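The block underneath contains the structure these notes are about, expressed in structure tokens.
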Amino acid sequence: MRYLTLQGRVEKGEGMATNLGCPTANIAVEQGAIIPGLGIYVGETEMDEKRYPSLICISDGRTGSNLKMEVHLLDQKGIDLSGKYLSVVLFEKIREVIPFPGEQEMAEIIAGDLTKAKDWFVKSSQN
12 MRYLTLQGRV
22 EKGEGMATNL
32 GCPTANIAVE
42 QGAIIPGLGI
52 YVGETEMDEK
62 RYPSLICISD
72 GRTGSNLKME
82 VHLLDQKGID
92 LSGKYLSVVL
102 FEKIREVIPF
112 PGEQEMAEII
122 AGDLTKAKDW
132 FVKSSQN
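To convert, take the position in the sequence shown, counting from 1, and add 11; that gives our numbering.
Next comes the structure, spelled out in structure tokens:
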């Protein structure tokens, strides 16, 4: 099976996801890249010849005017991604992008996404 791969350099973000306990790398998607539908995906991020299970969000930002990709490396802490060039493989979409009524609701939904992503990798390793 072939999966879609997106590549780009990590840019400085707003820090919102970090404040909610889910730090992400904001990736500048290369111009002309084929982009799947907006959504939350489970996938894998390659950096410095290592691969990391990941939770990926592809959205149009809060204003709806700019496409952005955010990547969270599952169960990784302290890895400095600033300025790194990442290759991100999208395995499966786990939900649509939805507006959040508030930070608490956003944190709860993200926690659920993290659980789904980790479960996905456990199940895929058993096949």
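Even for Gly, the Cβ is constructed at its ideal location relative to N, Cα and C.
Just so it is clear, the structure is predicted and the values come from calculations on it, not from any experiment.
Residue pairing by DSSP places Pro-64 opposite Glu-55 in a beta bridge.
Annotation for Leu-49: no beta strand (DSSP E) segment contains it, and DSSP assigns it neither H nor E.
Look at the beta carbons and you see the segment 13-27 touching the segment 94-112: at least three pairs across the two are nearer than 8 Å. Judged by pairs of C-beta atoms under 8 Å, the segment 117-124 does not touch the segment 39-50, as fewer than three such pairs exist. When the alpha-carbon of Ile-38 is set against those of Leu-31, Arg-13, Leu-92, Asp-124, the nearest one is in Leu-92. DSSP, reduced to helix, strand and coil, places Ser-136 within a helical segment of the structure shown.
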